[in-house]
Amino acid sequence: MSTTKNQYLSLAIEQNRRDSSLSPQNRLLRRSFASVAARERLEKESGSQSSFILNVSKDEQEIFCTIQSNSFRTAIKENRSLTLEDINQDQVSVIEGSLGSSIESLLCVPVPGVQECSIALIVCLANKEGFGEEDEKLVRDAFRCAFPILLRAAAYEEERRLREECQVTDPSLIMIRETGV
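Just so you know, the sequence shown maps onto residues 0 to 180 in numbering that gives the first Met the number 0.
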């Protein structure tokens, strides 16, 4: 657990540069992982074999993926971590299909957003013997640092996607969307 906050921030910025050739959805997904290097570091420091993230919408408090169950909603509402035993077998099968490997153990940690009044992400670590409080702390610390940068990068990418989609050359039209005016 020797990784510093600055290392996670640097890795998030580095991934933002590397993801510019991906589609908007893939860029956001990759950035949600706080870069491949940060994800690998998180896996290495926690001793887990893999990791993934579930994004939570602001408006609906729903998870943006096919994995939707009462256990994940409970984790969001109660801000508590989940283990493999907390998730029904159907959802485990969906996760295993997405990861392309079987899951022997799982720890899903809710991570608050910038204002810390609501959950923004659920970061999941898979396949480690004996997940503990230190793993939860590692995830929360890593994403507390990286989340504001990821949020700004996602907003920038969304604006860029809108420009490309609409082929807008007048930046004032984009400002209308940002300000809602």
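All residues carry an ideal CB built from backbone N, CA and C; glycine is no exception.
C-beta atoms of Cys123 and Cys144 nearer than 7 angstroms: Residue numbering aside, residue 123 sits at position 124 when the sequence shown is read from its first letter. Residue numbering aside, residue 144 sits at position 145 when the sequence shown is read from its first letter. Taking 7 angstroms as the Cβ cut-off, Cys123 and Cys144 do not qualify as a contacting pair.
Are there 16 or more other CB atoms within 10 angstroms of the CB of Asp134, so buried, or fewer, so exposed? Here residue 134 corresponds to residue number 135 of the sequence shown, with the count starting at 1. It counts as buried.
Where does Arg151 land, buried or exposed, given buried means 16+ other C-beta within 10 angstroms? Position 152 of the sequence shown, counted from the first residue, corresponds to residue 151. With fewer than 16 other Cβ atoms within 10 Å, it is exposed.
DSSP has Ile52 in a bridge; who is on the other side? By one-based count along the sequence shown, residue 52 stands at place 53. In DSSP, Ile52 forms a bridge with Val122.
Spatially closest choice to Glu103 from Ala153, Glu39, Ser47 and Cys165, by CA coordinates: Walking along the sequence shown from the start, residue 103 turns up at place 104. That would be Ser47, whose Cα lies nearest to the Cα of Glu103.
Can you tell which of Ala154, Pro147, Lys127 and Ala141 has the C-alpha that lies nearest to the C-alpha of Arg38? Walking along the sequence shown from the start, residue 38 turns up at place 39. The residue with the shortest Cα to Cα distance from Arg38 is Ala141.
Assigned exposure category for Pro109 - 16 Cβ within 10 Å defines buried: As a first step, residue 109 is located in the sequence shown; it is residue number 110 there, counting from the start. Its Cβ being crowded by 16 or more others within 10 Å, Pro109 is buried.
Return helix, strand or coil for Leu10, following the three-state DSSP convention. The residue you call residue 10 lines up with position 11 of the sequence shown. Low per-residue confidence applies at Leu10: pLDDT is 42, beneath 50, and the placement is therefore not dependable, though the value from the model is reported in the following sentence. Leu10 falls in the helix class under three-state DSSP.
Alpha-carbon spacing of Pro23 relative to Arg160, whole angstroms: Working through the sequence shown from its first residue, we reach residue 23 at position 24. Working through the sequence shown from its first residue, we reach residue 160 at position 161. Bear in mind that a pLDDT of 44 at Pro23, under 50, signals an unreliable position, so the number given afterwards is only what the model happens to contain. Using only the alpha carbons, I get a separation of about 7 angstroms.
Assign Val91 to one of three DSSP states: helix, strand, or coil. If you number the sequence shown from 1, residue 91 lands on position 92. Residue state, collapsed to three classes: helix.
Let's see if you can read the secondary structure: which residues bound the alpha helix (DSSP H) around Ile75? As a first step, residue 75 must be located in the sequence shown, where it is residue number 76. Asn69 to Glu77 is the span of the alpha helix (DSSP H), which, as asked, contains Ile75.
Going straight from the alpha carbon of Glu77 to that of Ile148, what length do you get? For the purposes of this step, residue 77 is identified with residue 78 of the sequence shown, where counting begins at 1. For the purposes of this step, residue 148 is identified with residue 149 of the sequence shown, where counting begins at 1. Going by the C-alpha atoms only, they are around 25 angstroms apart.
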